[in-house]
Structure formats: structure tokens, C-alpha cells
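> Residue numbers for the sequence shown follow the working numbering, so the first one is 858 and each next one is one higher. Virtual Cβ for every residue (Gly too), placed ideally from N, Cα, C. This is the structure I want to talk about, given as C-alpha cells.
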Amino acid sequence: CGRMITCFNQFESMKKAHVKFLCLNVCVLMIAGCNTSSPGAGTTQPGIDSTGAAKAVAAEQQVFMDAFRKGDSIRVADIYTLDAKVMNAGMPAAEGRENIIHFFGRIFKGGPLMITTKTLGVWNNSNTIVEEGKWIMANKEGEAYDHGKYLILWKMEDGKWKKFRDCHNSDIYPK
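Here you go:
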């Protein structure tokens, strides 16, 4: 990035602090632009199979959605690591599998719900997988009432990929 050197030279010759600050920010953005990897490309390390990571996530998400639709909080919680956290908007995180069972149990009190998810990207290394996606929540009649986005950090536990951190929130602005 030759433009970065030019920017740095201009930075050094500037006298006013606010102009230096602006130029420094532009330089930082130019440095970030030098990264040639594209988002959603999958793996960040040679030899790590991003296709395999995406398939593993898809398989476990299907197990999760099936259990969710049945209202089975114990089976849903089994997809999380023992030290997992579910971070839902508007409440403290549910930490650990027992609290995650209770968290989903409260959600299922009115009966099973319908959830649809779509994975937008998967990035991984040998220890973790990050999944970004969007979700739609519907009642048992299939009427959608909420939608949003999520990030899930997966990690290997007992030879299986499990949810370690699950952060999701609604796209609907609170009233």
C-alpha cells in the first residue's frame, strides 16, 4: 500500500492537531484496506476446512431447530457447551447448561415455537467456528412475530461442535 506511505509523510508535515487526527484516521482505514482477504471467505488459516465447518454448523443447527420446535429445552441445552452463555437482548446472560435449560424452558412455557435460521457466513480455525446469521420467530400457527440477527461461537467439546457463545437480538425496535 504505497498510498499509506504518502499519507504518513503528509501526516508528519501537518501542524494543526485536528488535521493530523483526520489524516491519521484515513491512514488507519487505508491500512485496513490493504487486507486482501474477503469477508465470508471462510478459513483464515491454511489447511482448515471451511466447507467442513459450515457443514458441521448446519447439522448442529438442524438438531437445535428440531428440538426448539418440539419445545425440548433439555435437548436444546445439550447443543451448548457446559460453560456456554446465551446472551439475549433485555436480560442477563444465561450461563451454564442448567441455566440455559431454564432459559429455554421459560420460552417454551406457551408451547413449542417455530424458528427459521439462515447462516450468512462461517469463519473458522482449528479451535473455533464463528457463525453469523439471521432468524425469524413464529408462533405455533406459523405467524411470524419477530426477526433478528445472531452470532454464535462454536467450540469442540467431547468430539462435537457445540455452541459456546450465542448472542442474538431482534431487528424490531422496542416500543
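Under 8 Å: do the stretch 936 to 947 and the stretch 1014 to 1032 share three or more Cβ pairs, one atom per stretch?
Contact holds: three or more Cβ-Cβ distances are below 8 Å.
> Please identify the residue among 1010, 1003 and 973 whose C-alpha is closest to the C-alpha of residue 1031.
Nearest of 1010, 1003 and 973 to residue 1031, Cα basis: 1003.
> To the nearest angstrom, report how far apart residue 1029 and residue 1014 are at their CA atoms.
The straight-line gap from Cα to Cα measures roughly 34 Å.
> Do you know how far the Cα of residue 936 is from the Cα of residue 961?
Straight-line Cα distance between these residues: approximately 12 Å.
> Using CA coordinates, which residue listed in 999, 980 and 991 is at the minimum distance from residue 912?
Of the candidates 999, 980 and 991, the one whose C-alpha sits nearest the C-alpha of residue 912 is 980.
> Does residue 944 come out as helix, strand or coil in the three-state DSSP assignment?
The answer is strand: DSSP assigns residue 944 an E or B state.
> Mapping DSSP to helix, strand and coil, what is residue 929?
Coil, per DSSP.
> Check this for me: beta carbons of residue 973 and residue 993, under 8 Å apart or not?
Yes. Within cutoff.
> Of the choices 965, 939, 969 and 1005, whose alpha-carbon is the least far from that of residue 955?
The shortest C-alpha separation from residue 955 is found at 939.
> Any idea which residues DSSP pairs residue 990 with across the strands?
Paired residues: 976 and 1007.
> When burial is assigned at 16 or more other CB atoms within 10 Å of the CB, is residue 931 buried or exposed?
When all chains shown are included, residue 931 counts as exposed.
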